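Right, one structure below, let's go through it.
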Amino acid sequence: MKTFKLRSTSMLLIIIATLFFLGGCSTKVTRMDVDEVKDLSGAWNDTDSRLVSEEMIDDMLQRPWVSEYQTANGKRPTVIVGEIRNLSHEHLNVNTFIADIERAMINSGRIDFVASSVDRQEVREERKDQDLNSREDTRNAMGREIGADFMLKGQINTIIDQASKDQVRYYQVDLTLISMSDNRKVWLGQKKIKKFVKRSKLRY
């Protein structure tokens, strides 16, 4: 009988300890403001993407090529974003960075902006469908697209320097604006970010 009571008590303690452990491991979520900066790992994040894109596009639009093109052609330049290559050590969401670049360019009001090749293909398929199925007064005809005058291309690189648990993460973003008519590079932009990551020696 005593053995049975001991076993029952032991089982009860195990169950209580298990429930306590599971309760302590529960996930807690706290909502944040989207503009709040919080670096957890030191890796490239949404704040880096937004700040780099805004700063680089602002620099691009302050350079002489914009006014020179407007003077020569009597209209705002039209830009398209080409490939932005991720050559870093990390898996970066380049599409988010491209979206931030596009937003900064469109919101500037200083240039016109045309859709990417992927977006254009989807729109062209819709035009074909309209050509067959839409009323003539609402139909959008083929062959009326606006061609880009310049293409923006770029790449993201990283250098990681690590000693023990400490790490320096260096990011370099290079963007190039190329004239579609003659392949001239009319603007070169570069932004560097350096982060020191010190990890705790204690792990729980």
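Residue numbers (the working numbering): 18 to 221. Positions of the beta carbon are idealized from the N, C-alpha and C atoms, including for glycine. None of these values were measured; they are calculated from a predicted model.
Sequence-distant partners of VAL69 (beyond 5 residues in either direction) whose C-beta falls short of 6 Å from its own C-beta, in its chain, are VAL190 and LYS208. The segment 173-189 makes no contact with the segment 154-162: fewer than 3 CB pairs, one atom from each, lie closer than 8 Å. Taking a 10 Å sphere around the C-beta of ILE31, we find fewer than 16 other C-beta atoms and assign the residue as exposed. Among the bridge pairs identified by DSSP, ILE176 is matched with TYR187. The beta-carbon distance between ARG67 and ASP117, rounded to whole angstroms, is 5 Å. This is short enough to meet the 8 Å contact definition.
Positions of the beta strand (DSSP E) runs, each at least 3 residues long and wholly inside the segment 65-100, cannot be given because no such run exists.
Comparing alpha carbon positions, the residue from LEU149, VAL135 and ILE128 closest to ASN90 is ILE128. Checking the DSSP bridge columns, you'll see MET168 partnered with ILE97 and ILE195.
If only uninterrupted alpha helix (DSSP H) runs of at least 4 residues are considered, those enclosed by the segment 124-165 are 134-150.
Within the same chain, and ignoring the five residues on either side of PHE114 in sequence, the residues whose Cβ sits closer than 8 Å to its Cβ are SER66, VAL69, SER70, ILE101 and ILE173.
Judged by their CB atoms, LYS211 and TYR187 are nearer to each other than the 8 Å cut-off. Around LEU205, the same chain offers THR193 as residues with beta carbons nearer than 7 Å, after the five sequence neighbours per side are excluded. In its chain, beyond the 5 residues on either side, ALA165, ASP166, PHE167 and MET168 have a beta carbon closer than 7 Å to the beta carbon of MET197. Taken through DSSP and simplified to helix, strand or coil, ARG102 comes out as strand. Excluding residues up to 5 positions away in sequence, VAL185 lie with their Cβ nearer than 7 Å to the Cβ of PHE213 in the same chain.
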